[in-house]
Structures are given as structure tokens and as C-alpha cells.
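There are 2 protein chains.
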Amino acid sequence: MITIKDIANEANVSTGTVDRVLHNRGGVSPKTETKIRKILKQKKFKINLIASSLAMKKHHNLATLIPKHDEQNLFWKSPYSGIKKANQEVGAYGIENHIFLFDQFDPQSYLKAFRKLIKTMPDAVVMVPVFVKESSEIIKELDDKKIPYLFLNAALKGYENLCYIGQKSFEAGILSGKLSHLCSKEKDEFLIILTRKNIHDYEANNERIKGFINYFNRNLPQAVIHQLKFDQSEGIKIVSKKINNFLTQNPRVRIVMVPSSRVSNICKLIDNDLLSGLKLIGFDTTPQNVEVLNKGIVSFLISQKSFNQGYKAITTIANYLVHKETPSDEIPMPLEIITKENYRYSHTEERNY
Amino acid sequence: MITIKDIANEANVSTGTVDRVLHNRGGVSPKTETKIRKILKQKKFKINLIASSLAMKKHHNLATLIPKHDEQNLFWKSPYSGIKKANQEVGAYGIENHIFLFDQFDPQSYLKAFRKLIKTMPDAVVMVPVFVKESSEIIKELDDKKIPYLFLNAALKGYENLCYIGQKSFEAGILSGKLSHLCSKEKDEFLIILTRKNIHDYEANNERIKGFINYFNRNLPQAVIHQLKFDQSEGIKIVSKKINNFLTQNPRVRIVMVPSSRVSNICKLIDNDLLSGLKLIGFDTTPQNVEVLNKGIVSFLISQKSFNQGYKAITTIANYLVHKETPSDEIPMPLEIITKENYRYSHTEERNY
DNA sequence: GCTTAATAAGTGTACGCACACGAATTTTTA
DNA sequence: TAAAAATTCGTGTGCGTACACTTATTAAGC
């Protein structure tokens, strides 16, 4: 193992000088710098991250602003767990992360949580900018205070965010199109069911639908794609009736794609005899969705590894703080196809090496 | 952050004593030990892994014994890359890993490589025990010398290996069955093509076939499953002819499953007009396979993340050596379903967090 | 041309934290 | 009371970081 000392010896300088070259901290003559760089390259020197972290230890203070989850809204549970897991790991590097939760339907709670957050004077912020107007306000304050921030799962444009980590919803939609296509027989028709437009999911669901349609436009233009959209205001029973009526009247519909993470709810609304003739494709491996997957009711779930998204957000910003590693603008997460047969082996809730 | 020093101060002992309690190294009076443990618990002390790793650095010496790869046999390329990547990372922890390669068809070269390996007096060994008899000999020597060893990708039973990391081939076969089933129309027939039985892949391929058939026995007993097996001795042209003849005579065959990692080769043997009517399912994301996937010739590839297998093998044994973390007996790798649409987002050749 | 100040370049080392071993101290045994 | 055994202490080590400090170089002033 090559150490900074080895390099310093070879170049007849002190370790301090080598360190200054390594971190571009200036104050080194061009001649010396060239010499050192050459030796670094030749000996393939790599900074020992262990020693580096130890030496760097200054108490970094992170803050995270994400929607809270509950029984009704499980979507944010997974990223939350990922963030928690990451917190443990980066803790060893002297980084503390405080999580601030808000109600994803209430802009006021968003602002309120931010006020609390900003009081802790964080060195960096991970945030989910769900509300456009309020976010602009928040981000202005962060910019003023020169606090770097990272967007998780909502890609607001036009800001100087360090990076975006999140879904590729359009691509996920394309993938759902492909799977639907592969599962379909000739003359089968397709149905997209979207219930309960909620503020947050709206964008992602829409993109998934766009992607789905895009796939068929390119690969099977003659495909018949139906769409059923229901509002939050409509009662479950009415929705159920409408869906069942629709399916009865359109017996060629054999593939149902549910762009939200609530395919399990949809299953419950469909009569069993109709259900058995359908192939369903949904998103996200929520416990409820996994249940209907395992029962064979749903054929595919497309998972965006939301656990890993949360995890990655924290490790990314931690690396930025500790090692000054600037991340790429966008870090997409893998699109996993989950079936009953590989769910057990898909490690969705776990960092995998 | 609580340090060993804090604990030592509180307990009026030196850091050395605290350290001996932490690592159960003995030589501490029961009274002192109790006192220290109490403070450790009360202050929720956790060892700083960074500092620990740095301090622990004694040059651990690893050795890896795996089959070599070449143009004809790409299977081992991916695990090899994973091992290389892991080597870099664990290098920071003062661990050096030497890789010894052998010819997967030649037991003598296996033994020869091992003789070389054992001369380096490794602290632990990662091995692929392809040859049963020879492995028994090798393992006896490792046991005698009390060198811990880990099996990669070939699960030999009855030995005291630290752990097994590898394929779940049977389960992968089941999954391929499920995908085939989903893609199929009524009365479609299925074909399994196995070329070039080579010694090593034999077991895995066989398990995949068993899994495939098992799936249909349970879910579609009336399915017609054909099998074509070719020997290494037969020329490509003859094989090609046989396959094309078979497909022509069995027009109901619409789904082809290739249990080896050579689905791309099979594609080349099939006439284009026959090919366009087929759905193919293969294994492993070799560059050649990805090419036919992207061309739309192959519908699904099932990936066992062999890169990650190699990677994981090294990190597992490194953690064992450095942090005395005993791994679980078996570490299965995720079964990934890869299509043209999600390949880009599947990170197959990369550690993902 | 020579001195002095100003700046640039480079050095040396304490520090972060846990680890482990020789040395010192205390306790026990003979 | 000496010798042996059991505890406990003190400190060097791993490696990179960063800051205070020293030395070399250049510029300015007379």
C-alpha cells in the first residue's frame, strides 16, 4: 500500500506538500507539483479513505426535510428507513443527520418544519421540494446562507441543487408498457386505472402513464389503451362499481396498469371473477402490494428501490461534506422488475453491495 | 461522540483497559470490567469503525481461487471484475488479495493453482470448488492450517466453509418459467435449448431447467415443454440446422429458454424469419447477451449479478478478518429481471448503495 | 549592488481514535 | 519478604489533514 509518506519521500518533499497537491490547496510551485503528480500517477496512489475520514473529522451537521408517512400513506416509509440506515453508517464519520417531517398535503407544515430545520444551522440539507411556491422561498434562504441542498424524489428545475436523486418515472412507465406488451395476446386491450390523484404522486403517476403510452406508440401503435381516472371525492363503492362495469363492457381488456403505488387497493375493488382474467402491473413494493403479488393477483411490480433512494441521498451528501466529492447532477435509481418468484431475492429493503 | 478516552476517564482507568474489555481480551479484574461495561452501556458507546480500521491495519493476506475467463468462456469475467473492484476497496483496510486462476476444465490446473496459493500463506481463502475430489484434498489442507475459506458459486456440502455466496439456480429457473408463462398465449409450446454442456456450468444449467419445469408442473401442468440438447462435439452448422428444422416442425413453439449464459449464440443459429416469431429468455448480462436484448431479439435476461457475487465474496471475508463479523451460512444474490427498457438502470456492473 | 520587506514555497507535527504490546504497578502466593 | 501472577498504565502505530512555522524567492527601495 502506497502512503502519502512514500510519495513525499520519493519526491523529496514533506507530506504536507503532497497533501496540498492532492487537494489542490495551492501554494506549491508548478515544478514541484508536476513532479509530485507524476509520482502519484506512476505509483497509482489512492487516498486511504479510512485515514482520511479519521483526520477530517469535524462534526458535520446534516438536516433532512421529507414528508411523513402513516398507515394511509406508506410511500415515504421506505425512503425514511433508508435515511435512518444511512444515518447510522455516516454517524461513524462524525456526521449527524436530523430528520424533519411534514404533511405532504399541507404547505404550512412544510414551511413550519423548515423553520425548525434552519434553526439547527445545518451544513447541508436533503429535501423533497413538493410545494413549488414554498420551496422557492425555502431555497432562497438556503442559497443566502450558502447551505448546499439535494433534491430527493421531486425534481424542481432552475435551482442550484447539488444533485437530484429520484425516480425515472417516465422510464418506469415505458418498462410497464413493455411488460404489458409481452404479457398480452393479440387484440388484448389495455387499461390504466388512476385513483385518488394526490398532490404529491401526481407528477410521478402522470409520467408513468406518459411512458406507458409512449412505449405503445413506438412499438404497437394499434394498441387500444383505456384510461379510468377517479377523484378522491368519489366513494370506494362507486369507484368499484364503475371499474367492474367498465371491465364487463370491455371484455378485451386483459392487462391493467396502475401507475400509483396502490395497485393492491385496486385489486380489492375488482370482482374476483373479473380479476382472474386480468394481468395487473403495479408500482412499488409496499407490504400490501407484495401481498397481492404473492397471491398471484398482480403479475409485476416495478420497484424504484425507494429505500435505496433515501440511503443514497444521505451517503451522497455525506461524501460531499467529508470528501468534497461533487455528485453528478442526477442519480437515477435502478428499475427493478419484481414478481412473486424473485421478490425474496430482491433485497428491496437493504443496501446491497 | 463518545470515545474510548471518555469511557476511560469516567472509569478512572486507561484506554488500554477499556479496549481489553471491548474485545474480551481478558486480563481485567471482574470489578473493573463490570464498572467499565456499565459506563459503556450507559453512555451508549459504539466503536468508531473508522479509527478501528485504521488501528487494526495489520497486513491481512487474502487469496482467491477462481476459474479464468477468455473469449469463449466469459462467465467468470464478471465475478473477476467484482473481485478486482472489492480488492481496491478493502485495500484501504490493509487487506491484500491475490487471485489465482485455473482452467475450469482441468483438475490438474486447479491443484496447481492451489499449490501456488498455499505458498503465500493466506489468512483466508475465497474459492470456487468446481472439482469435487480435488476440492476435498484442498480443503483438508486448509482445515489443517486453520485457514478459513468461503465458497463462491459452487456449493459443496459437508465442509466447514465460512459461508456460501452464489447463484440460486433452481429459483432462477422457476423465475424463467414464470416469465415464459406470462409471455405465452394459450397452446403455445416451450423449448429449452442447451448447447455445449461444459463441466462447470452443467450443475447450474441443470438446476435452471429443473426450476423451469417445476414452475410449469405447479402452474400449468398441461404445458408442452420440448428440450434440445447438443454436445460440444457437434458442429455449429449441424446444430443450427437441427434447431431450425425442429422449429419448423413445431410451429407452436413460441417461447425459447436458454439455461446457459449463451442465448446470444443461439440467436445466431436461428433463421431470422423463425426468430421473429419467438420470445427468448436467457441468463446473464454478458455484452453479447445485452446486444441481442437491445436489438429486441431476446425479451428477458435473468441476471444473477455475478459482479456483485465476486464483490460480496471479498467484502464478506474482509469483514470477517477485520471486524470478526461472522457471515450467515448462505448469501444469495438477487435475481434481476432485465429487459431492454431497464438494462440502463440496472447497475449490473456496479456496486450500488 | 545591497538590504529589507513581502510573498511564495515548503516543513514539521499535533490531531483524530482505537489498538496492542512492553513496562510498571498492584495483588496474591509461597 | 521475595517471587510470581494478575492488573493496569503509557505510548507508539496506522495515515492523512491542516495549521503554525521556517526557508527560499522575488520585488522594492535607496
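Chains as they are written, first to last, in this note's numbering: chain U, 886 to 1238; chain P, 886 to 1238.
Virtual Cβ for every residue (Gly too), placed ideally from N, Cα, C.
In this text the structure is predicted, and so the values were computed from the model without any measurement.
Closer than 7 Å to chain U by CB, residue i
i	result
E1022(P)	no
A1040(P)	no
C1068(P)	yes
A936(P)	yes
E1235(P)	With a pLDDT of 47 at E1235(P), under the threshold of 50, the modelled position of that residue is not reliable, and the figure given next carries that caveat. Not an interface residue.
L939(P)	yes
L1220(P)	yes
K1001(P)	no
I1059(P)	yes
K1063(P)	yes
S1191(P)	no
A1108(P)	no
S1184(P)	yes
Sequence-distant residues of the same chain with beta carbon closer than 8 Å to residue i, five excluded per side
i	result
H983(P)	N946, L947, A948, T949, L1002, T1005 and P1007
F1016(P)	P992 and Y995
C1048(P)	L1035, F1036, T1201, P1212, S1213, D1214, E1215 and I1216
A998(U)	L950, F985, L986 and F987
K1072(U)	R1137
I1032(U)	P1007, D1008, A1009 and V1010
N1135(U)	E1074, L1076 and H1111
K1095(U)	F1055 and G1058
Residue from the options with nearest C-alpha to residue i
i	options	result
P1217(U)	D1073(U), K1209(U) and E1056(U)	E1056(U)
L1113(P)	Y1230(P), I1187(P), L1132(P) and T1171(P)	L1132(P)
Q1117(P)	T1080(P), Q1134(P), S1125(P) and I1128(P)	T1080(P)
N1046(U)	K1053(U), E1026(U) and S1065(U)	E1026(U)
M941(P)	K1042(P), Y1228(P), V1207(P) and S1125(P)	V1207(P)
K1070(U)	I1140(U), H1111(U) and E956(U)	I1140(U)
N1090(P)	V1143(P), K1126(P) and C1068(P)	V1143(P)
I921(P)	A936(P), A896(P), M886(P) and I1032(P)	A896(P)
H944(P)	Y978(P), S966(P) and P1106(P)	Y978(P)
P1014(P)	R1000(P), S937(P), K1030(P) and L1041(P)	L1041(P)
K1164(U)	L1067(U), P952(U) and V1124(U)	L1067(U)
G1209(P)	S937(P), E918(P) and T902(P)	Strictly speaking, residue 1209(P) in this sequence is Lys, with Gly absent from that position. Considering only alpha carbons, the answer is S937(P).
E1088(U)	G1051(U), N1104(U) and V1183(U)	G1051(U)
Closer than 7 Å to chain P by CB, residue i
i	result
Y1049(U)	no
E1215(U)	no
E1226(U)	yes
N946(U)	no
N1174(U)	no
K890(U)	no
K1180(U)	no
L1037(U)	no
I885(U)	Here chain U has residues from 886 to 1238 only, and residue 885(U) is not among them.
Y1230(U)	yes
S1090(U)	The identity of residue 1090(U) in the sequence shown is Asn, whereas the question assumes Ser. Cβ-Cβ to chain P under 7 Å: no for N1090(U).
Y1238(U)	Note that Y1238(U) scores 30 on pLDDT, short of 50, meaning its location in the model is unreliable; the coordinates nonetheless yield the value given after this. By this cut-off, Y1238(U) is an interface position.
S1161(U)	no
C1152(U)	no
N1102(U)	no
N933(U)	yes
According to DSSP, residues forming a beta bridge with residue i
i	result
L996(U)	According to DSSP, which records beta bridges pairwise, L996(U) is partnered with nothing at all.
K1095(U)	The partner list for K1095(U) (beta bridge, DSSP) is empty, contrary to what the question assumes.
F990(U)	None, per the DSSP bridge assignment.
E981(U)	N946(U)
S1184(P)	Its beta-bridge partners do not exist; DSSP assigns none.
L1035(U)	V1011(U)
K1114(U)	L1079(U)
Nonlocal neighbours in the same chain, by C-beta distance under 6 Å from residue i, ignoring five residues either side
i	result
K962(P)	H954
L1178(P)	L1186 and K1225
I1151(P)	I1078 and V1143
F1168(U)	S1146 and I1187
E1019(U)	P992, Y995 and L996
Heavy atom of the ligand MG within 6 Å of residue i beta-carbon
i	result
I1151(P)	The model depicted lacks the ligand MG and carries no ligand whatsoever.
Contacting residues, own chain, Cβ-Cβ under 7 Å from residue i (five flanking each side not counted)
i	result
N1227(P)	none
The stretch 1188–1201 of chain U touching the stretch 965–982 of chain U, judged by at least three CB pairs closer than 8 Å: yes
Decide if the stretch 1195–1207 of chain P is in contact with the stretch 1029–1040 of chain P; the criterion is three or more beta carbon pairs, one per stretch, under 8 Å apart. yes
Contact between the stretch 1175–1190 of chain U and the stretch 1220–1229 of chain U (3+ Cβ pairs under 8 Å): yes
Would you check if the stretch 1049–1068 of chain U and the stretch 1090–1105 of chain U touch, i.e. whether three or more CB-CB distances between them fall below 8 Å? yes
On the three-pair Cβ rule with 8 Å, is the stretch 1145–1160 of chain P touching the stretch 912–932 of chain P? no
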